[in-house]
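Here is the structure we will look at, set down as structure tokens.
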Amino acid sequence: MITRSKTGSLKPTRRLNLIHELTPVEQNAAPTNYTEASKFFEWHQAMAEEFAALQKQGTWTLVPQPPNTSVLGCRWTFRKKFNSDGKVARFKARLVAQGNRQEHGLDYEETFSPVAKLPTIRVLFTVALHHGWPVQQLDVSNAFLHGSLHETVFMHQPKGFEDNINPDYVCHLKKAIYGLKQAPRQWYTTFTNHLTTLGFQYSKAGPFPPGILSEQHSNVSSCIR
1 MITRSKTGSL
11 KPTRRLNLIH
21 ELTPVEQNAA
31 PTNYTEASKF
41 FEWHQAMAEE
51 FAALQKQGTW
61 TLVPQPPNTS
71 VLGCRWTFRK
81 KFNSDGKVAR
91 FKARLVAQGN
101 RQEHGLDYEE
111 TFSPVAKLPT
121 IRVLFTVALH
131 HGWPVQQLDV
141 SNAFLHGSLH
151 ETVFMHQPKG
161 FEDNINPDYV
171 CHLKKAIYGL
181 KQAPRQWYTT
191 FTNHLTTLGF
201 QYSKAGPFPP
211 GILSEQHSNV
221 SSCIR
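Each residue of the sequence shown is one higher than the last, beginning at 1 in full-length UniProt numbering.
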């Protein structure tokens, strides 16, 4: 038997494979903060669109910071939306308040907002299928911004979009911006109040009175009950 030591040959060194192929997730990763996002035109444009939507909804008014008041921070979050073929359909930026610093009784009270459970949704689909009713869905852009804020909440101006004249002012929030603890409840209250003005009524089936909303028509009400 001839070994390497007898022939004087050396055992080849096993080298690490340092070549790493990016996965689709890594290639399509969104930035994690404003500094990263601001380097790319697409993300800066997405932030500008979000800021314009906030301004259009009258989300806040700029005021001098009142003494002895708590001011929440805010941050930008980023996400890509894809088409069915995997191509980027939209660059989405969202301004989120740091609601984890809110204090109960000071800048928020009730936070509960009912959510439809899967069995309930299945029942509705089953009833619709049985009667041959058309089923439609909708998406409300910046949904939470339609909910009015009743508590007094102050927030720092969003990074990259500070007011040139009053950069030290703070945002006195008028709308329940994303990230606030009460934001889901305020949107739910606004949405259900609007539905009731259109003739919808609450179902008595759920444990929480503001549950399923059905059109006020005899055949629909009888099926849902």
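No residue lacks a Cβ here, since even glycine has one placed at the ideal position from N, Cα and C.
Under a three-way DSSP split, which group does residue i fall into?
{"i": "H44", "result": "helix"}
{"i": "Q57", "result": "coil"}
{"i": "E50", "result": "helix"}
{"i": "E36", "result": "helix"}
Considering only the alpha carbon of each residue, which of the options lies closest to residue i?
{"i": "A97", "options": "G105, H172, G199 and L195", "result": "H172"}
{"i": "R90", "options": "K56, E49 and V123", "result": "E49"}
{"i": "P66", "options": "E162, H156 and R185", "result": "H156"}
{"i": "T77", "options": "V170, F200, V123 and Y178", "result": "Y178"}
{"i": "W187", "options": "N33, S113 and Q201", "result": "S113"}
{"i": "K56", "options": "L145, L95 and E151", "result": "L145"}
{"i": "R79", "options": "F41, H194, T152 and A30", "result": "A30"}
{"i": "K175", "options": "L95, V123 and F200", "result": "L95"}
{"i": "A52", "options": "A183, N142 and L195", "result": "N142"}
{"i": "L149", "options": "R122, R185, H130 and H104", "result": "R185"}
{"i": "T69", "options": "F154, L195, G160 and F161", "result": "F154"}
What are the start and end residues of the alpha helix (DSSP H) that includes residue i?
{"i": "A30", "result": "That residue, A30, is in no alpha helix (DSSP H); it is neither H nor E in DSSP."}
Can you list, in chain order, the residues of its chain with a C-beta nearer than 6 angstroms to that of residue i? Leave out the 5 residues immediately preceding and following it.
{"i": "K181", "result": "G99, Q102, Y108 and T111"}
Can you list, in chain order, the residues of its chain whose CB lies under 7 angstroms from that of residue i, leaving out five sequence neighbours each side?
{"i": "Q136", "result": "none"}
Going by beta carbon distance, what residues of the same chain come within less than 8 angstroms of residue i, once the five residues before and after it are set aside?
{"i": "Q45", "result": "F91"}
{"i": "W133", "result": "V127"}
{"i": "L62", "result": "Q157, D163, N166, Y169, V170, C171 and H172"}
{"i": "V88", "result": "N28, K80, K81 and F82"}
{"i": "F40", "result": "P31"}
{"i": "D139", "result": "none"}
Segments assigned alpha helix (DSSP H), at least 4 residues, entirely inside the UniProt domain "Reverse transcriptase Ty1/copia-type" (59-204): 118-131 and 183-197
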